[in-house]
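Mind the numbering: the sequence shown is residues 4 to 258 in this note's numbering, read in order.
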Amino acid sequence: MALALYREYRPKSFDEVCGQEHIVKILKNEVDKNNLSHAYLFVGPRGTGKTTCAKLLAKAANCLNPVNGNPCGECESCLAFDEGNHLDITEIDAASNNGVEDIRTLRDEVTFSPNKSRYRVYIIDEVHMLSQSAFNALLKTLEEPPDYVIFILATTEIYRVLPTIISRCQRFDFKRIDESVISERLKFISSNEGIDITDEAATLIARLSDGGMRDAVSLLDVCSADSKNITEDLVSKVSGINGCGHLFKLCECII
Numbered sequence: 004m005a006l007a008l009y010r011e012y013r014p015k016s017f018d019e020v021c022g023q024e025h026i027v028k029i030l031k032n033e034v035d036k037n038n039l040s041h042a043y044l045f046v047g048p049r050g051t052g053k054t055t056c057a058k059l060l061a062k063a064a065n066c067l068n069p070v071n072g073n074p075c076g077e078c079e080s081c082l083a084f085d086e087g088n089h090l091d092i093t094e095i096d097a098a099s100n101n102g103v104e105d106i107r108t109l110r111d112e113v114t115f116s117p118n119k120s121r122y123r124v125y126i127i128d129e130v131h132m133l134s135q136s137a138f139n140a141l142l143k144t145l146e147e148p149p150d151y152v153i154f155i156l157a158t159t160e161i162y163r164v165l166p167t168i169i170s171r172c173q174r175f176d177f178k179r180i181d182e183s184v185i186s187e188r189l190k191f192i193s194s195n196e197g198i199d200i201t202d203e204a205a206t207l208i209a210r211l212s213d214g215g216m217r218d219a220v221s222l223l224d225v226c227s228a229d230s231k232n233i234t235e236d237l238v239s240k241v242s243g244i245n246g247c248g249h250l251f252k253l254c255e256c257i258i
């Protein structure tokens, strides 16, 4: 099965992350200086790079030969992570594992030292979905975690996360990505994939994505399934949007 474009072009290093330079710079410095925090909180709209940066941070933290804060991608730890069988990096979807028992199981696991790596890393996506009792159980672990444990929490709804959780994490706010940055990324992917896309089409996709890179690349993927020559009209047809001509006609009639 062919990979979706947004998965195939997921950044392999911090330097490839688009539109979040203010966050990437800090994370790279922390990895480079081996000054990692025990808990991180990534906040922002969907598709802006929260999970991607969480994966890169987990990968870089355990990389045997990091390069300027980036994971090398070649050591045993990096290869194990890329293959999805790293024993010391766990990804948890809080939307489907949101009960107190799930967090208690996690709390029992953190008492064990890492198998092969320096850190045992837990990525908890959509952390706002945890129940009240699960949050309280997580809080106990965040208060005094072992030195070898790192928590990376990601959420799109920060107001649903307990203030006591937030105060124990390094918080990073991801912003919506500029349309120009998304447009350039779409043209780069199109060039690699043998897709002919006009500037107007790339700009329209970027506008429709509302600052989310994943949504933009997914729409590019859908458009390329229809035609390898992507125009503004094709994007409009595939996305199901209407032109604004009828609005001008309505205004004329009102006047």
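Note that CB positions come from ideal geometry on N, CA and C, so glycine has one too.
DSSP-derived helix/strand/coil call for residue i
i      : result
Tyr9   : helix
Gln23  : coil
Asp291 : Within the shown structure, residues of the chain are numbered from 4 to 258, placing residue 291 beyond reach of any answer.
Asn100 : coil
Ile95  : strand
Arg110 : helix
Lys31  : helix
Asp105 : helix
Leu121 : Note that residue 121 corresponds to Arg in the displayed sequence, not to Leu. DSSP places Arg121 in coil when its eight states are reduced to three.
Leu90  : coil
Pro166 : helix
Ile244 : coil
Terminal residues of the beta strand (DSSP E) in which residue i lies
i      : result
Thr54  : Segment Lys53 to Ala64 is the alpha helix (DSSP H) holding Thr54; no beta strand (DSSP E) there.
Phe154 : Val152 to Thr158
Residue i versus residue j: straight-line alpha-carbon distance, rounded
i      : j      : result
Val130 : Phe45  : 10 Å
Ile126 : Pro69  : 20 Å
Ile106 : Lys119 : 23 Å
Thr114 : Leu59  : 24 Å
Phe191 : Ala5   : 19 Å
Val164 : Phe138 : 8 Å
Leu145 : Ala204 : 46 Å
Gly215 : Ala97  : 21 Å
Gln173 : Glu187 : 31 Å
Phe177 : Cys256 : 44 Å
Leu207 : Gly47  : 22 Å
Leu39  : Lys28  : 13 Å
Val225 : Ile244 : 15 Å
Span of the alpha helix (DSSP H) around residue i
i      : result
Thr144 : Gln135 to Glu146
Leu250 : Gly248 to Ile257
Asp85  : Glu79 to Asp85
Under 8 Å between C-beta atoms of residue i and residue j
i      : j      : result
Ala7   : Ser221 : yes
Glu223 : Leu189 : Before going further, note that residue 223 is Leu rather than Glu in the sequence given. In this structure, Leu189 lies closer than 8 Å to Leu223 by Cβ.
Arg217 : Tyr43  : no
Ser175 : Ile26  : According to the sequence provided, residue 175 is Phe. The question's Ser does not apply to it. Contact flag set, yes.
Asp199 : Lys231 : yes
Ala140 : Val103 : yes
Ile95  : Phe84  : no
Thr54  : Pro14  : no
Arg179 : Thr51  : yes
Arg49  : Thr158 : no
Asn71  : Asp111 : no
Tyr162 : Arg121 : no
Counterpart residues of residue i in DSSP-defined beta bridges
i      : result
Asn232 : Asp199
Val70  : Asn73
Ile127 : Ile95 and Leu156
His176 : His is not the amino acid found at residue 176; the sequence shown has Asp there. Partner(s): Val46.
Interface flag, residue i vs chain C, CB-CB below 8 Å
i     : result
Gly72 : Of the protein chains in this structure there is only one, and it is not chain C.
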